[in-house]
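Protein chains in written order, with our numbering: chain A, 1 to 278; chain G, 1 to 406.
What follows is the structure, given as structure tokens:
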């Protein structure tokens, strides 16, 4: 930009482009992000903290928040463990179809979440390929908390994998070879040598997964059944309350989720150095 | 095969492996071969390492020396051959059961462990009592003089310190043999020569046999009790540094280990005929037949130069020559000398008929030789470009002219 207006670059040693660019960036972010976020806080607390608190502690609201946290937690646990395993296999072994597998694992990033929901329904739903067979046995996968976890995993798996695998790829093989020559078993090497080097990636992957899973809407609304007090997660609660016209109720939960994601990203951003310390 | 060296004094035998009474060899590598696809990487590699001995595998990159090391460590499998460590065949054992200490070129210290954790790793994974781990770690920290750095992480140490941690880490579990992979590749020249002496002293102290691999001839000469010169997957020569340097078994060894000049000649009873000169030589009649064409290999420092005839030290004169270039290289002077086709007789000029005793006399006269002179000599007799000199040989090696297969 400064090359387009060379005369503006330096006015008596002062770089005009600098404050101008920064100001422009902030100005652009205002209507896009800052103001919308600010609005939920202003609106949510406009009727006083008491009504905000009441909206927050409504039984269904509490349940929705708890359900979101629980399902996201289990999805995160799965993602970290399986993400580690997948990264290990795909970065340590070279085999036919390896790249195809990497693409497949990463694909859900690009799939609309509603499609993910439909896909899960087509497999596990009452008329789905597997669901049809399971139903007579009394096994119902969809419209349960388990379905929400499945949807969360489907949508968030590439996140943990995408953070962990590059670290595996760049990790020197000689560390593992050294450990082996010293006398360690594969498991000891993984536990004492490989895993500590992945600490930062694991925490980042977990936080990203968790943040994304807590907010997941598109796939969850399709597979959960959206039953208040039973399978309604926090984002679904916000949507439902808003549709019912209970804007304060929707807003209270929105504030909680906004603060929560803010917290997670602060940790991710500021703890980076600590996590990657050598 | 060079003779095995007997285990040397073991007054500080900490923490070397228990010596097996059955054999003087700490490690025997027998008939290793390996190929990747059709390309043969190693051919019938056989050598032994005596107790407490330091053997250097010297070779250019791609010569296969790293593969040998990785096979001994168990990180790669040979096609054929055996690895015997202290009378135990470990060929089929995985790396972790071999008890071999590898000092990787990058040191491969565990980045999330402190110095003392790194050193104690081998004992911790063997579930040794905490007290024993602590004691051994303390002893090793003292041995490699890193006591004040025990709580540091590898990234906080210099290259030389990291290397000492890597060595201590392997010594902790009393390795059968230490393998050093290009140990000084990542260090600057000054640190290098300093560390070489340090490691050599350390190895003598702990009396653990060691195999080094390097492409640096200076390093090989300084570190090794013996040197094995590896060329494209086979051993060209194995012997003490003096043997390998002074009597190279092949032209490759001669040129890889230091600079060497080469001339062609013919065996004449107890002489070698080079051009018109007859040089007295000890001819091994089992190796060379009368009239057999040979290569005469000699080092730049083995050349005697004189501006007068006969040569001062009583050496037979090889040829006259013209100084083409002189350069000052610190401790000595290097000269490029073009030999004349004419012999050494005074007053002879190049018009004099030349005895065509070798097949390609043109090659010889066209090829300048490199000579070096120590400083005192350069001060005494100044030589410059264009000066005529007489060239004699103080020392040389004869090799058959036909390159032996393999």
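Cβ coordinates follow ideal geometry from the N, Cα and C atoms, glycine included.
Bear in mind the structure is a predicted one, so any value in this text is a computation, not a measurement.
Asked, Found
"Same chain, Cβ closer than 6 angstroms to residue 225 of chain A, neighbours up to 5 away in sequence not counted", "143, 231"
"Completely contained alpha helix (DSSP H) runs for the stretch 14-42 of chain A, where each covers 4 or more residues", "17-29"
"Contacts that residue 104 of chain G makes with chain A (C-beta to C-beta distance below 7 angstroms)", "174, 178"
"Environment of residue 373 of chain G [buried if 16+ CB atoms lie within 10 Å]", "buried"
"Length at least 4, wholly inside the stretch 129-155 of chain A: the alpha helix (DSSP H) runs in chain order", "131-134"
"Residue nearest to residue 69 of chain A in terms of C-alpha spacing, selected from A/270, A/271, A/268, A/253", "A/253"
"Chain A contacts from the stretch 62-80 of chain G (Cβ-Cβ distance under 8 angstroms)", "73, 74, 75"
"Segment limits, alpha helix (DSSP H) that includes residue 376 of chain G", "375-380"
"Member of A/219, A/124, A/54, A/233 whose CA lies at the smallest distance from the CA of residue 112 of chain A", "A/219"
"Which residues DSSP lists as bridging residue 45 of chain G, in chain order", "G/32"
"Contact with chain G by residue 193 of chain A, beta-carbon distance below 7 angstroms", "yes"
"Distance between beta carbons of residue 246 of chain G and residue 298 of chain G, contact taken as under 8 angstroms", "Not really, about 11 angstroms apart at Cβ, beyond 8 angstroms."
"Contact set between residue 184 of chain A and chain G, taken where Cβ atoms lie within less than 7 angstroms", "96, 125"
"Among A/268, A/265, A/249, the one whose alpha carbon lies nearest that of residue 60 of chain A", "A/249"
"Interface partners of residue 188 of chain A on chain G, CB under 8 angstroms", "125"
"Three-pair Cβ contact test at 8 angstroms for the stretch 64-83 of chain A versus the stretch 109-126 of chain A", "no"
"DSSP three-state assignment for residue 265 of chain G, whether helix, strand or coil", "strand"
"Cβ-based neighbour list, residue 201 of chain A, same chain, cut-off 7 angstroms, excluding 5 preceding and 5 following", "163, 164, 167"
"Under 9 angstroms from the C-beta of residue 166 of chain A: neighbouring residues of chain G", "Within 9 angstroms Cβ-Cβ: nothing; residue 166 of chain A doesn't reach chain G, min ~17 angstroms."
"Within chain G, partners of residue 197 of chain A - CB distance below 7 angstroms", "111, 112"
"CB-CB length for residue 390 of chain G against residue 306 of chain G, believed under 8 angstroms", "5 angstroms"
"Counted within 10 angstroms of its Cβ, other Cβ atoms place residue 156 of chain G as buried (16 or more) or exposed", "exposed"
"Spatial distance of residue 5 of chain G from residue 59 of chain G (CA atoms)", "Since pLDDT at residue 5 of chain G reaches only 39, below the 50 mark, its modelled position is unreliable, and no value is offered."
"Contact between the stretch 88-101 of chain G and the stretch 145-161 of chain A (3+ Cβ pairs under 8 angstroms)", "no"
"Assumed close pair residue 258 of chain A, residue 40 of chain A - CB separation to whole angstroms, cut-off 8 angstroms", "6 angstroms"
"Interface positions of the stretch 105-139 of chain A facing chain G (Cβ-Cβ less than 9 angstroms), listed along the chain", "none"
"Spatial distance of residue 280 of chain G from residue 271 of chain G (CA atoms)", "4 angstroms"
"Simplified DSSP assignment, three categories, for residue 144 of chain G", "coil"
"Terminal residues of the alpha helix (DSSP H) in which residue 223 of chain A lies", "218-224"
"Collapsed DSSP secondary structure at residue 40 of chain G in the structure displayed", "strand"
"Alpha-carbon to alpha-carbon, residue 119 of chain A and residue 213 of chain A", "18 angstroms"
"Option in G/56, G/320, G/375 with minimal Cα separation from residue 181 of chain G", "G/56"
"Per-residue contacts from residue 329 of chain G into chain A (C-beta, under 9 angstroms)", "Under the 9 angstroms cutoff, chain A gives no residues; its nearest Cβ is about 37 angstroms from residue 329 of chain G."
"Nearest to residue 91 of chain A (by Cα), restricted to the options A/242, A/106, A/63, A/169", "A/169"
"Expected contact under 8 angstroms - CB spacing of residue 319 of chain G and residue 340 of chain G to nearest Å", "6 angstroms"
"Contact check, residue 241 of chain G vs residue 258 of chain G, beta carbons under 7 angstroms", "no"
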